[in-house]
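The numbering of the sequence shown is our numbering, which starts it at 2 and goes up by one. Glycine is no exception: its CB is placed at the ideal position from the N, C-alpha and C atoms.
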Amino acid sequence: MILRQLPNLISLLRLLATLPVTLLILAEAYASALVLFVVAGLSDGVDGFLAKRYNWRSVVGGCSTP
């Protein structure tokens with residue numbers, strides 16, 4: 002894996018986390034759902050930081066203007 006794709010991988014994992022969060026809420030496991038939701042939120046900051054810090058851009062996550 003190319004390191005510059007790491008923010009996209011983190012975003013993909015965050016997207017995939019929506020199913021477990023939903024299932025946990027439906028199972029009334031609110032504490033576990035909250036923990037996973039918070040981890041997903043923190044991962045948003047991490048992938049944004051990595052992308053900005055190292056100026057990593059991709060077609061998927063980037064914009065067309067610098």
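CB of R15 within 8 Å of CB of D45, strictly | yes
Runs of alpha helix (DSSP H) wholly within the stretch 19 to 44 (minimum 4 residues, chain order) | 19 to 27
Which first and last residues belong to the alpha helix (DSSP H) in which I3 is found?
-> Looking at the DSSP string, I3 is not in any alpha helix (DSSP H), and its letter there is neither H nor E.
Please report how far the alpha carbon of A52 lies from the alpha carbon of A34, in whole angstroms.
-> 27 Å
Cutoff 6 Å; reference I26; Cβ partners in own chain excluding five residues on either side = A34
Where G42 and V36 are concerned, what is the direct C-alpha to C-alpha distance, given to the nearest angstrom?
-> 10 Å
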